[in-house]
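Working notes, structure below.
Numbering (UniProt numbering), first residue to last: 1 to 314.
Here's what the structure looks like:
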């Protein structure tokens, strides 16, 4: 299912009084740039306010497009080991329902999953989540990166394109992976945090049309011409994102997306060779990773965690 860079997160920027910036809270930028310039309307039409053609970006979904499985699923074990999840929570009957939804959820089902997840995560300590992800990132993600995806990202960077990871997973998971990949920016799901803990409220759900909103806001801020941009995803739920750019590509598509891509004449790629990413590129320090991490969990998390933990615990 479809689901950040190491730079300053736009939503974390504050002024001298500690007030949040006006930038959309779910977008992180690798260059620490300031508030958005130009209107979203210009991004939608693919031009700068001055009328000239804009810059190019490649937008990548994360799960099953860049990495070989769900990023939230991958981190379920350390979350459980560190006490964020307990046996009672995992064994609740509702998790069996999430497993069913995970195999083929429509929009309404995904919304119900999101609501349950936010309640489950309410009260979690932000710093603890950041630390767990930073400490376990290399061991967990190392075997999952598709070589083909890493090569494609490198090719876009050589061509002078920005690389953006756009994922329904939470920023705490997406940000470090994207930083390791050398992504320029990222957009991901974010939860509201107060007094260092999740409130149980989702501030932005980076899913479906939400991804299009993120693309357009990034385009307005950074001058991307979406008609010249690229997008890659495995899921039918990302058709809005794929349709928003001039060069969409289906990667390891599910059946519905394969049919859609075939109908529309979109290219279809197959990635099948996970490799050790850390042996190919320089990785960020734990401090850098922690600085780029923002709390927020994807709707995939509940089903993924239950599947892993119910198998490993008697």
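For each residue, glycine too, the CB sits at the ideal point set by N, CA and C.
- With respect to residue 253, residue 234 sits close: the two C-beta atoms are nearer than 8 Å.
- Using a 10 angstroms sphere on the CB of residue 201, the tally of other CB atoms stays under 16, which defines it as exposed.
- The C-alpha of residue 87 is placed about 44 Å away from the C-alpha of residue 219.
- Per the DSSP secondary-structure output, residue 194 pairs in a beta bridge with 197.
- In the structure shown, the three-state DSSP call for residue 78 is helix.
- Exclusion of the five residues before and after residue 260 leaves 236, 239 as the residues of its chain whose Cβ lies within less than 7 Å of its Cβ.
- If you ignore the 5 residues before and after residue 82, its C-beta comes within less than 6 Å of the C-beta of 132, all in its own chain and listed in chain order.
- For residue 124, same chain residues with a beta-carbon under 8 Å away, outside a window of 5 residues either side, are 84, 197, 198, 295 in chain order.
- Beta-bridge partners assigned by DSSP to residue 145: 67, 275.
- Residue 248 is bridged by DSSP to 231.
- In this structure, DSSP gives residue 187 an extended state, which the three-state scheme calls strand.
- Taking 8 Å as the cut-off, the Cβ atoms of residue 171 and residue 188 count as close.
- A Cβ-Cβ separation of about 5 Å places residue 185 in contact with residue 164 under the 8 Å criterion.
- By the neighbour-count criterion, in which 16 or more other beta carbons inside 10 Å mark a residue as buried, residue 270 falls on the exposed side.
- In the three-state DSSP reduction, residue 155 falls in the helix class (H, G or I).
- Here residue 264 is exposed: its Cβ has fewer than 16 other Cβ atoms, across all protein chains shown, within 10 Å.
- Closest by C-alpha distance to residue 64, out of 232, 242, 140, 154, is 232.
- Counted as a single uninterrupted DSSP element, the beta strand (DSSP E) harbouring residue 164 occupies residues 162-170.
- In the DSSP assignment, residue 269 is bridged to 251.
- Residue range 57-60 is occupied by the beta strand (DSSP E) that includes residue 58.
- Judged by beta-carbon spacing, residue 274 lies within the 8 Å limit of residue 146, meaning their Cβ atoms are closer than that value.
- Assignment of residue 125 by DSSP, reduced to helix, strand and coil, places it in the strand class.
- In this structure, the CA atom of residue 67 is about 11 Å from the CA atom of residue 174.
- Using a 10 angstroms sphere on the CB of residue 262, the tally of other CB atoms stays under 16, which defines it as exposed.
- Taking C-beta atoms under 8 Å as the contact rule, residue 60 and residue 166 qualify, at a distance of about 7 Å.
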